[in-house]
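A short write-up of the structure that comes next.
Residue numbers (the UniProt record's numbering): 1 to 347.
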């Protein structure tokens, strides 16, 4: 029997959550994984050899579900689940993100969980107009987006609703940390996450199931038609393996003795779409005919440097994987899963 604590991970059927569960299992942790009704079979596909180290619990809904059984005996909550950049109604995105976070975190606190690690997003570091993101001024854990839930209405773009949801959810998490000083809170704050899907990840029934890999995949499928540039303005990127490493290290990292919040910004990689296309030309020449036309101009992408020094201090990370590796592996994985795989997952 492992001496390591039992960890509950939300979002286990997604891109990030599946990798986090995989690494925790590899390092000897026992993992609990809540899943929506009808999704539990995905864990058997992804983790066929997990055995008793992985227990899956059906929960009707993240925002309102009862996690009491899944939380029994759990010492650490790793809350990864999020709606992603979906086309859902703005208020649905808000509810899933904010209410989902508060529901699971409050239940974890009530169950006696003493360490909470949550996945944030670098969109919580700058305003909804993206101005800071396109500047040369570094963004750090001290920066906050000023957007509120009240600014979201039925006509709000889903991406803005996502930004509001992630920002408000993280703010509320830190408010809870002030009320529960005996609990160790950490947020992992990544930019766009690229890299491969878990090798056993089943093919999604829609491209939204590719998560942020679809940003890269659009480079060879076109956005407004064949051979057009992606309409994605995020140029800050981190490799999925670094994201997973940060989460797993955070599970074991002690609280900071000086009282600082462990709001850990990760991923210093920055690229432009032109640089991405040039990389594909060099490393995947068989895809050249699918790249955007030379007479078209790519849209600008975020370029503000991310200050990752606190994450490096707290987690002991000395180096980050290059954006080129993340970009190429995301492309390879998207092509393999989407164009060659078989549909066997409910997205």
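For each residue, glycine too, the CB sits at the ideal point set by N, CA and C.
Exercise. What do you reckon, are the CB atoms on residue 43 and residue 54 nearer than 8 Å?
Worked result: Residue mapping note: residue 43 aligns to position 43 of the chain shown, counting from 1. Residue mapping note: residue 54 aligns to position 54 of the chain shown, counting from 1. Taking 8 Å as the Cβ cut-off, residue 43 and residue 54 qualify as a contacting pair.
Exercise. Which whole-angstrom value is the C-beta distance of residue 163 and residue 123, which I expect to be below 8 Å?
Worked result: Position 163 of the chain shown, counted from the start, is the residue given in the question as residue 163. Position 123 of the chain shown, counted from the start, is the residue given in the question as residue 123. Confirmed, Cβ separation roughly 4 Å.
Exercise. For residue 273, which of 139, 263 and 291 has the nearest alpha-carbon?
Worked result: Along the chain shown, read from residue 1 onward, the residue named residue 273 stands at position 273. Ranking the options by Cα distance to residue 273, first place goes to 291.
Problem set entry | Same chain, Cβ closer than 7 Å to residue 300, five either side skipped, listed in chain order | As a working note, residue 300 is residue 300 in the chain shown. The answer, listed in chain order, is 134 and 233.
Exercise. When every heavy atom of the ligand HEM is checked, does at least one fall within less than 7 Å of the C-beta of residue 131?
Worked result: As presented, the structure is devoid of all ligands, the ligand HEM included, so that no description of it is given.
Problem set entry | Cβ neighbour criterion (16 or more within 10 Å) applied to residue 225 | Start at 1 with the first residue of the chain shown, and residue 225 comes out as number 225. By the neighbour-count rule (16 or more Cβ atoms within 10 Å), residue 225 is not buried but exposed.
Problem set entry | Proximity to residue 354 [Cα-Cα], best of 264, 145, 50 and 296 | Absent from the structure is residue 354, since the part of the chain shown begins at 1 and ends at 347.
For this session: With DSSP collapsed to three states, give me the class of residue 297.
Result: Mapped onto the chain shown, residue 297 falls at position 297. Secondary structure of residue 297 (DSSP, three-state): coil.
Exercise. Which whole runs of the beta strand (DSSP E) in the stretch 232-290 are 3 residues long or more, in chain order?
Worked result: 236-239 and 262-265
For this session: Please report how far the alpha carbon of residue 21 lies from the alpha carbon of residue 68, in whole angstroms.
Result: Walking along the chain shown from the start, residue 21 turns up at place 21. Walking along the chain shown from the start, residue 68 turns up at place 68. One C-alpha to the other measures close to 20 Å.
Exercise. Going straight from the alpha carbon of residue 206 to that of residue 155, what length do you get?
Worked result: Here residue 206 refers to the residue found at position 206 when the chain shown is read from its first residue. Here residue 155 refers to the residue found at position 155 when the chain shown is read from its first residue. Rounded to whole angstroms, residue 206 to residue 155 spans 24 Å at the Cα level.
Problem set entry | Residue of 23, 91 and 56 minimising C-alpha distance to residue 37 | Here residue 37 corresponds to residue number 37 of the chain shown, with the count starting at 1. Of the listed residues, the one whose Cα sits closest to residue 37 is 56.
Exercise. Using a Cβ-Cβ cut-off of 8 Å (strictly less than) and excluding sequence neighbours within five positions of residue 63, which residues of its own chain qualify?
Worked result: Position 63 of the chain shown holds residue 63. Answer for residue 63: 95, 96, 99, 100 and 103, listed in chain order.
For this session: Using three-state DSSP, classify residue 34 as helix, strand or coil.
Result: Translated into positions along the chain shown, residue 34 becomes position 34. Of the three classes helix, strand and coil, the one that applies to residue 34 here is strand, per DSSP.
For this session: Using three-state DSSP, classify residue 184 as helix, strand or coil.
Result: Locating residue 184 in the chain shown gives position 184, where the first residue counts as 1. Residue state, collapsed to three classes: strand.
Exercise. Quick one: any contact between the stretch 268-288 and the stretch 314-323, if contact means 3 or more CB pairs under 8 Å?
Worked result: yes
For this session: Taking all protein chains shown into account, decide if residue 157 is buried (16 or more other Cβ within 10 angstroms of its Cβ) or exposed.
Result: For the purposes of this step, residue 157 is taken as residue 157 along the chain shown, with counting starting at 1. So residue 157 ends up on the exposed side.
For this session: Taking residue 101 as part of the beta strand (DSSP E), name the residues at either end of that continuous run.
Result: Here residue 101 refers to the residue found at position 101 when the chain shown is read from its first residue. Careful: residue 101 lies outside any beta strand (DSSP E), inside the alpha helix (DSSP H) at 100-110.
For this session: Could you check if residue 146 is buried or exposed, using at least 16 other CB atoms within 10 Å of its CB as the buried criterion?
Result: For the purposes of this step, residue 146 is taken as the residue at position 146 of the chain shown. By the neighbour-count rule (16 or more Cβ atoms within 10 Å), residue 146 is not buried but exposed.
Exercise. What are the uninterrupted segments assigned as beta strand (DSSP E) that are 3 or more residues long and contained completely in the stretch 45-86, given in chain order?
Worked result: The stretch 45-86 contains these whole beta strand (DSSP E) runs: 54-58 and 76-79.
Problem set entry | DSSP state of residue 192 mapped onto helix, strand, coil | By 1-based counting over the chain shown, the position of residue 192 is 192. Here residue 192 sits in strand by DSSP.
Problem set entry | Residue nearest to residue 264 in terms of C-alpha spacing, selected from 88, 283, 307 and 295 | For the purposes of this step, residue 264 is taken as the residue at position 264 of the chain shown. Comparing Cα positions, the closest option is 307.
Exercise. Between the beta-carbon of residue 311 and the beta-carbon of residue 137, is there less than 8 Å?
Worked result: As a first step, residue 311 must be located in the chain shown, where it is residue number 311. As a first step, residue 137 must be located in the chain shown, where it is residue number 137. Cβ atoms of residue 311 and residue 137: not closer than 8 Å.
For this session: With DSSP as the reference, label residue 166 as helix, strand or coil.
Result: Along the chain shown, read from residue 1 onward, the residue named residue 166 stands at position 166. Helix, per DSSP.
Problem set entry | Where the alpha helix (DSSP H) containing residue 94 begins and where it ends | Translated into the one-based positions of the chain shown, residue 94 becomes position 94. Unbroken alpha helix (DSSP H) run through residue 94: 90-94.
Exercise. Quick one: what's got a C-beta closer than 6 Å to residue 143's C-beta in the same chain, skipping five residues either side?
Worked result: Within the chain shown, residue 143 is the residue found at index 143, counting from 1. Same-chain partners within the cutoff: 125.
Exercise. Taking residue 255 as the reference, which of 131, 114 and 216 has the closest Cα?
Worked result: For the purposes of this step, residue 255 is identified with residue 255 of the chain shown, where counting begins at 1. Checking every option, the nearest Cα to that of residue 255 belongs to 114.
Exercise. Sorted by chain position, which residues of the same chain lie with C-beta nearer than 6 Å to residue 250's C-beta, five sequence neighbours on each side aside?
Worked result: Residue 250 sits at position 250 when you count from the first residue of the chain shown. Setting aside the 5 residues that flank it on each side, residue 250 is surrounded in the same chain by 117 and 186, each with a C-beta closer than 6 Å to its C-beta; the list follows chain order.
Exercise. If you draw a straight line from the C-alpha of residue 173 to the C-alpha of residue 78, how long is it?
Worked result: Working through the chain shown from its first residue, we reach residue 173 at position 173. Working through the chain shown from its first residue, we reach residue 78 at position 78. The alpha-carbon atoms of residue 173 and residue 78 are separated by roughly 13 Å.
Problem set entry | First through last residue of the beta strand (DSSP E) which encompasses residue 8 | The residue labelled residue 8 in the question sits at position 8 within the chain shown. 6-10 is the extent of the beta strand (DSSP E) around residue 8.
Exercise. Are the Cβ atoms of residue 34 and residue 16 separated by less than 8 Å?
Worked result: The residue given as residue 34 occupies position 34 in the chain shown. The residue given as residue 16 occupies position 16 in the chain shown. Result no, Cβ atoms of residue 34 and residue 16 do not sit closer than 8 Å.
Problem set entry | Residue range of the unbroken alpha helix (DSSP H) whose run includes residue 152 | Residue 152 sits at position 152 when you count from the first residue of the chain shown. No alpha helix (DSSP H) holds residue 152; DSSP gives it neither H nor E.
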